[in-house]
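Protein chains: 2
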Amino acid sequence: MSKASIIGAYNTEFGVFVKKDPATGLMTDTKTYYDLLVEAGRGAITDADVAPEDIDAVYVGSCSPASFLNQEHVAPLAAEIHPSLRFKPMTRTECACASSTVALYDAIYAVEAGRCSNVLVIGVEKMNLLPTPQMTHVLACCSHWPSEGSRGMSFPMLFAEYAKGYQAKHKIGDEDFEKMLFTVGALGYKNGAENPLAHAKKGPVTVEALKALCQPDERGKSKNMMIAKPLRLHDCSLVSDGAAALVVTSTERARKHRKPAAEIAGIGHSVERLPIGVRPNMHELQAGKDAARKAYKEAGITAKDVDFAEVHDCFTINQILSTEALGLSQDGRAGYDYMEGRFTREDKVAVNLSGGLKSKGHPVGATGASMHALVYKQLVGEPIGVKARKADVGVAFNVGGSAVTNCVTVMRRLN
Amino acid sequence: MSKASIIGAYNTEFGVFVKKDPATGLMTDTKTYYDLLVEAGRGAITDADVAPEDIDAVYVGSCSPASFLNQEHVAPLAAEIHPSLRFKPMTRTECACASSTVALYDAIYAVEAGRCSNVLVIGVEKMNLLPTPQMTHVLACCSHWPSEGSRGMSFPMLFAEYAKGYQAKHKIGDEDFEKMLFTVGALGYKNGAENPLAHAKKGPVTVEALKALCQPDERGKSKNMMIAKPLRLHDCSLVSDGAAALVVTSTERARKHRKPAAEIAGIGHSVERLPIGVRPNMHELQAGKDAARKAYKEAGITAKDVDFAEVHDCFTINQILSTEALGLSQDGRAGYDYMEGRFTREDKVAVNLSGGLKSKGHPVGATGASMHALVYKQLVGEPIGVKARKADVGVAFNVGGSAVTNCVTVMRRLN
Chain A
0 MSKASIIGAY NTEFGVFVKK DPATGLMTDT KTYYDLLVEA GRGAITDADV
50 APEDIDAVYV GSCSPASFLN QEHVAPLAAE IHPSLRFKPM TRTECACASS
100 TVALYDAIYA VEAGRCSNVL VIGVEKMNLL PTPQMTHVLA CCSHWPSEGS
150 RGMSFPMLFA EYAKGYQAKH KIGDEDFEKM LFTVGALGYK NGAENPLAHA
200 KKGPVTVEAL KALCQPDERG KSKNMMIAKP LRLHDCSLVS DGAAALVVTS
250 TERARKHRKP AAEIAGIGHS VERLPIGVRP NMHELQAGKD AARKAYKEAG
300 ITAKDVDFAE VHDCFTINQI LSTEALGLSQ DGRAGYDYME GRFTREDKVA
350 VNLSGGLKSK GHPVGATGAS MHALVYKQLV GEPIGVKARK ADVGVAFNVG
400 GSAVTNCVTV MRRLN
Chain B
0 MSKASIIGAY NTEFGVFVKK DPATGLMTDT KTYYDLLVEA GRGAITDADV
50 APEDIDAVYV GSCSPASFLN QEHVAPLAAE IHPSLRFKPM TRTECACASS
100 TVALYDAIYA VEAGRCSNVL VIGVEKMNLL PTPQMTHVLA CCSHWPSEGS
150 RGMSFPMLFA EYAKGYQAKH KIGDEDFEKM LFTVGALGYK NGAENPLAHA
200 KKGPVTVEAL KALCQPDERG KSKNMMIAKP LRLHDCSLVS DGAAALVVTS
250 TERARKHRKP AAEIAGIGHS VERLPIGVRP NMHELQAGKD AARKAYKEAG
300 ITAKDVDFAE VHDCFTINQI LSTEALGLSQ DGRAGYDYME GRFTREDKVA
350 VNLSGGLKSK GHPVGATGAS MHALVYKQLV GEPIGVKARK ADVGVAFNVG
400 GSAVTNCVTV MRRLN
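Protein sequence lines correspond, in order, to chains A and B.
Residues in the first sequence are numbered from 0 upward in steps of one, following numbering that gives the first Met the number 0.
Residues in the second sequence are numbered from 0 upward in steps of one, following numbering that gives the first Met the number 0.
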């Protein structure tokens, strides 16, 4: 079986692409969902330098476009990218915040099966048309609705359960634990400040600054308020609009192609049961570890071979759990490792050079494609933002829901 | 490349699985979405006689579970089918009413790529928890929202455009056209009456009966009222709850397996642009014809080789258009052919022996898997309902949206 490779990628700017109509108070688009999808798709095709007529299929990963903007059945929108895409197969995948990594995996299968030569993968989401309570409701639908969402459990609350489980398991004092989380958050902001496409380019880049923001102001309000104990506002990723896209082909074809390529050396896709209440180990990503094991095995590597990783810091605690699931830290050690300065751009292994979901932004359905786009761009020597010290092997670890859908991809520069 | 085959299938009963709480007036489940998904998945695994631990991946096709019942991220629910499915890859696909055929296609790719040995495909939808106006809104999200849904265009209105386009193109008189549509509707009810799983087992089985129902009663109400001219109530399919599932493996493995199998001999997946306003030919399924051409080519057959077909009669007009797209009738002739008694169980080619979406029911995300389950069951000699006279080659033609996603599958009994 010939493996698949990425030969082109594009990431739109991430941000808030709506404005409030002063007359009606309603949100209107400054860049629509439709615009974002087409911009990303065209961008990736251009970057890959393939003719649009040579794209054999399109996979679109998107989480909740019907809930956010009344548009279901979004895959056919890819026909607007270029007239020659009309009549091609177009499929939407949805696995919460991992929607576009599973789109990529299906594209890989289509290539590996010999069904397609070149496949376009797009991840897209537009979240900011809705006010916060409705947006929170839409995301809560990605939890197990009967036992979680319908009972008022939001995603910060679900990941707070992991935070509490992790802290208890490893007997971490409150002060240390807060410092760990802030260290991770500050690192994201620091890296994101150099990412020209990031949603939050200016964030508090030190633990001290994040701590200072916890103090209530004269009205009793804190700029780093508690959202779901122990998670504060700056432990949460951003609500963003954006899209990203990739062009996938066979490694055999990629080798002959005029553009640099990165091989999908290994993938691991492991799915946990949906309700957190049934999971025995709320201090680790069991399915995430399984996904990493599968991906490393297929790629023939160990954690020691990883040069850099983009991991799913929907909440700071998940960056810590993901770092352990990837085997970059020992269990119970990741928080301390971050505090000791590991995983920065200077380290042997860098994590979230893009700024991560915390700073780069988190348009949920776009995130998986974006992570892969960023890893690809590092591997081919065209980093978006901070450059990796060494970029032979990169990993993307995208998570959907409350650590339910776990996707680990190992990519390798193709020489 | 080894082809893929179906080795097991299951179809739940289709119907309305809710009841109104007399106290609150709210709808409550008599069989939940979660129940339906698990019942279908377990049923297909049992029918295929494979061990649950030998299922390597699950694809779940579902259209709008977040809108219907606040549950997005539904693929992981498949972990509830059996403990050994925990940590397996699970992916949801959505392409409106073709959501579970694209799930099947992705499963086929995974098998053909050698990534998986056995894949479980589930289609599921629960539509009846919402009152009609909200349900109509949810479905309208599958149209092009900015130009259609947001302007009050419902799906009956969109297919009425095809009906008017077809009637005008082929210069069919009103009386003949009405009779064509009623003939198709009556045939669906007649076949569905013998399908033990059908939603509407008792419907008007003659053109005369459908015509009689058009007469207004003493209150001016007609039981076959006009919904979107020229489409009446009995030209529309049903709003159903239900699920269906399939087990897919390689043909090589299927040949050695102890259960009868049907090979996926050819697939065609062609996607039209989303807004109907941009399509030049509103009298034919251009992308549907393209899908049929691809599927026949891959299977090495022509329309003459087809013994029976399940086609997507979301509206009676679409059964006529689909019959032509599959080449079973010449362009402009399908309506006349149906009126002349073609495509019944006695004919050389039978269409919708199950009763079709009109009588069997149309739980949108389940429909594709259901069509394939029915064709498979015919091919292996275990028909659900009316038996095909000859069942060597069967076709499923599943459509998503306003004839946007077009999926044609040719299946062949594996001896």
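Cβ atoms here follow ideal geometry from the backbone N, Cα and C, with glycine treated the same way.
Presumed contact (8 Å Cβ cut-off) between PHE13/B and GLY360/B, rounded CB distance: 3 Å
Secondary structure, alpha helix (DSSP H): runs of 4+ residues fully inside the segment 331 to 378 of chain B: 333 to 338, 355 to 358, 363 to 378
PRO130/A at chain B interface by Cβ criterion, 9 Å: no
Straight-line Cα distance separating PRO279/A from MET156/A: 18 Å
Cβ of ASP289/B within 9 Å of any chain A Cβ: yes
Status (buried if at least 16 other CB within 10 Å, exposed otherwise) for THR404/B: buried
For THR135/B and CYS94/A, believed in contact at Cβ under 8 Å, the rounded distance: Rounded, the Cβ-Cβ distance is 28 Å, inconsistent with contact.
Proximal chain B residues relative to GLY399/A, where beta-carbon distance stays under 8 Å: HIS72
Residues of its chain near ASP304/B, where Cβ-Cβ distance is below 6 Å and the 5 sequence neighbours each way are ignored: VAL392
Collapsed DSSP secondary structure at SER221/B in the structure displayed: strand
Chain-ordered neighbours of LYS87/A on chain B, where CB pairs are closer than 8 Å: SER269, VAL270
Cβ separation of THR29/B and VAL37/B, assumed to be a contact under 8 Å, to the nearest whole Å: About 15 Å separates the two Cβ atoms, so there is no contact after all.
Extent of the continuous beta strand (DSSP E) run through VAL123/A: 117 to 125
7 Å Cβ shell around ALA159/A - same chain, five flanking residues per side excluded: ALA227, LYS228, PRO229, LEU230
ASN69/A at chain B interface by Cβ criterion, 9 Å: yes
Near-chain D residues of the segment 136 to 157 of chain B (beta-carbon distance less than 9 Å), N- to C-terminal order: Among the chains of the structure shown, chain D does not appear; the protein chains present are A and B.
Where LYS293/B falls, given that 16 or more other Cβ within 10 Å makes a residue buried: buried
Residue range of the unbroken beta strand (DSSP E) whose run includes ARG412/B: 404 to 413
Short CB-CB distance (under 9 Å) between PRO75/A and chain B: yes
Simplified DSSP assignment, three categories, for ASN69/A: coil
Which residues DSSP lists as bridging PHE442/B, in chain order: The structure shown does not extend to residue 442/B, since chain B spans only 0 to 414, so no value can be given for it.
Residues near VAL110/A in its chain [Cβ-Cβ closer than 7 Å; skip 5 each side]: ALA3, VAL118, VAL247, THR248, SER249
Other residues of its chain near ASN190/B: CB distance less than 8 Å, five sequence neighbours each side excluded: ARG344, ASN351, LEU352, SER353, GLY354, GLY355, SER358, GLY384, VAL385
THR322/B beta carbon less than 9 Å from that of PHE342/B: yes
DSSP beta-bridge partners of ASP240/B: GLY14/B, LYS125/B
For PHE158/B, the first and last residue of its enclosing alpha helix (DSSP H): 154 to 168
N- and C-terminal bounds of the alpha helix (DSSP H) containing THR100/A: 98 to 111
Neighbouring residues, chain B, relative to TYR9/A (Cβ below 9 Å): Chain B residues near TYR9/A: none, gap ~21 Å exceeds 9 Å.
According to DSSP, residues forming a beta bridge with MET89/A: VAL57/A
Supposed close pair LYS222/A, LEU212/A - CB separation, criterion 8 Å: 4 Å
Straight-line Cα distance separating VAL270/A from ALA78/B: 8 Å
6 Å CB neighbourhood of ALA298/B in its chain, flanking five on each side removed: ALA264, GLY265, VAL409
Beta-carbon proximity check, ALA395/A vs LEU413/A, cutoff 9 Å: no
Residue of GLY276/B, TYR375/B, CYS140/B minimising C-alpha distance to ASP306/B: TYR375/B
Member of ASP175/B, LEU232/B, THR11/B whose CA lies at the smallest distance from the CA of TYR335/B: ASP175/B
Below-9 Å beta-carbon distance, TYR104/B vs any chain A residue: yes
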